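Residue numbers (my numbering), protein chains in the order written: chain A, 19 to 188; chain B, 19 to 188. We put the CB at the ideal spot given by N, CA and C, even for glycine. This one's a predicted model, so the numbers in the text were calculated from it and none came from an experiment. The next block holds one structure in the form of structure tokens; read it before the comments.
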DNA sequence: GTCAGTGCAAACTTTTTGCAACTAC
DNA sequence: GTAGTTGCAAAAAGTTTGCACTGAC
């Protein structure tokens with residue numbers, strides 16, 4: 019009977035978190051949570067405010083969004099990333115931790131499931147430290163940037179060669 | 019004889035990087051590199067500027083430091099981290115990639131060598147992506163914050179209990 | 001009724017940009 | 001001499017803060 023599915027919902031988790039921390043159940047908090055869980059992938063605080071206003075017709079000021087994002091991170095309902103200048107967030111409830119591929123050429127962020135790493139991380143123990151989550155960022159080049167870089171390097175090498183030969187000929 | 023130890027020096031790596039990219043060997047670049055390699059652990063651009071001025075008597079403006087940190091990251095001589103607001107850097111030449119433990123309570127950053135993870139990362143292959151480096155951040159609580167949190171939670175639970183009992187008595 | 005939480009605007013921090021001056025090549 | 005680099009100052013981007021007001025408890 020009444021299998022406690024509902025208890026597994028992010029909303030319930032937030033409610034319980036607020037209760038256990040003696041904090042208030044404001045409409046803003048649940049509206050923010052709701053908006054976040056309607057977003058697939060990463061988002062910035064700015065985008066979240068905009069989306070809430072546009073799609074949910076719910077206006078919140080930035081300070082509130084910043085405050086509550088921090089709270090939701092603490093409640094383990096949201097992951098915080100810092101790929102570039104400015105933080106990016108991502109829902110995290112019942113999501114498998116995936117690693118992120120960051121192209122240092124164009125800045126593109128891709129996701130990648132590496133089961134070996136995941137297994138390893140889930141069983142990771144560290145002395146004098148209570149592990150709660152992890153982020154793995156892998157830097158490198160996407161195919162497009164990799165090709166572009168090779169072309170660019172060839173061009174530079176040609177230029178260096180020309181300069182040298184020019185000098186030699188003098 | 020003349021074993022090419024010198025070629026392995028960061029300075030040589032930078033010189034070669036600059037040559038292959040058609041960039042200039044400015045004194046600022048080598049001064050910045052030098053200062054960075056005198057620092058153990060993480061530092062911010064601000065701290066680097068200060069250190070250069072104070073300890074090396076070499077004044078550079080921030081813009082130059084920012085430009086060249088980016089360049090050094092590209093040359094794989096420096097790692098860039100974004101633990102908090104504001105980037106932190108770290109020398110990376112011939113350094114073993116270590117994972118970072120980030121305490122979400124006090125913000126303390128600790129280093130941690132996990133050989134399993136290191137081995138795994140060094141052999142990692144991803145489709146359509148040329149891996150060049152990685153960062154592993156493990157979030158959690160240090161012993162001090164873990165203890166503090168437990169104490170705090172106990173206090174809140176007591177408070178909630180008192181409120182409930184108070185109501186019931188009414 | 002009280003105090004945590006919100007909105008607003010201003011302040012602050014970190015990073016980038018535009019431009020004149022400089023210098024490595 | 002040319003064009004890549006630097007310094008400087010101003011602007012931009014992202015986040016935090018102070019304060020008055022509101023509303024969850």
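query = Could you give the residue range of the alpha helix (DSSP H) that holds residue 84/B?
reply = It spans 80–92 - the alpha helix (DSSP H) in which residue 84/B sits, taken as one unbroken run.
ask   = So, does the CB of residue 164/B fall closer than 8 Å to a CB anywhere in chain A?
value = Chain A has a Cβ within less than 8 Å of the Cβ of residue 164/B.
task = Taking residue 254/A as the query, report the chain B residues whose CB atoms sit under 8 Å from its CB, ordered along the chain.
result = Residue 254/A is absent from the model: chain A starts at 19 and stops at 188.
task = Using a threshold of 8 Å, state whether the C-beta atoms of residue 146/B and residue 160/A are closer than that.
result = Contact: yes.
key: chain B contact for residue 144/A (CB, 8 Å cutoff)   = Residue contact with chain B for residue 144/A: present (Cβ-Cβ distance below 8 Å to some residue of chain B).
task = Check the Cβ-Cβ distances between residue 57/A and every residue of chain B, and say whether any is below 8 Å.
result = Chain B has no Cβ within less than 8 Å of the Cβ of residue 57/A.
inquiry  = So the candidates are 118/A, 67/A, 142/A and 38/A; which of them puts its Cα closest to the Cα of residue 52/A?
reply    = Of all alpha-carbon atoms in 118/A, 67/A, 142/A and 38/A, the one lying nearest the alpha-carbon of residue 52/A is that of 67/A.
query = Where are the beta strand (DSSP E) runs, 3 residues long or more, that stay fully inside the segment 90–136 of chain B, in chain order?
reply = Listed in chain order, they are 96–99, 106–109, 117–121 and 127–130.
ask   = Under the three-state reduction of DSSP, which class applies to residue 176/A: helix, strand or coil?
value = The three-state secondary structure of residue 176/A, taken from DSSP, is helix.
message = Taking its Cβ as the centre, do 16 or more other Cβ atoms sit within 10 Å of residue 28/B, making it buried, or is it exposed?
response = The residue in question, residue 28/B, is buried, as its Cβ has 16 or more Cβ neighbours within 10 Å.
request  = Taking residue 48/A as part of the beta strand (DSSP E), name the residues at either end of that continuous run.
outcome  = Careful: residue 48/A lies outside any beta strand (DSSP E), inside the alpha helix (DSSP H) at 45–54.
key: First and last residue of the uninterrupted alpha helix (DSSP H) at residue 66/B   = That run of the alpha helix (DSSP H) goes 63–73.
ask   = Got a sec, what are the start and stop residues for the alpha helix (DSSP H) residue 41/B sits in?
value = If you look at residue 41/B, you'll find it isn't in any alpha helix (DSSP H); DSSP assigns it neither H nor E.
inquiry  = Rounding to the nearest angstrom, what Cα-Cα distance links residue 39/A and residue 58/B in this structure?
reply    = The alpha-carbon atoms of residue 39/A and residue 58/B are separated by roughly 39 Å.
inquiry  = Please classify residue 86/B as buried or exposed, where buried requires at least 16 neighbouring CB atoms within 10 angstroms.
reply    = Around the beta carbon of residue 86/B, 16 or more other beta carbons lie within 10 angstroms, which makes this residue buried.
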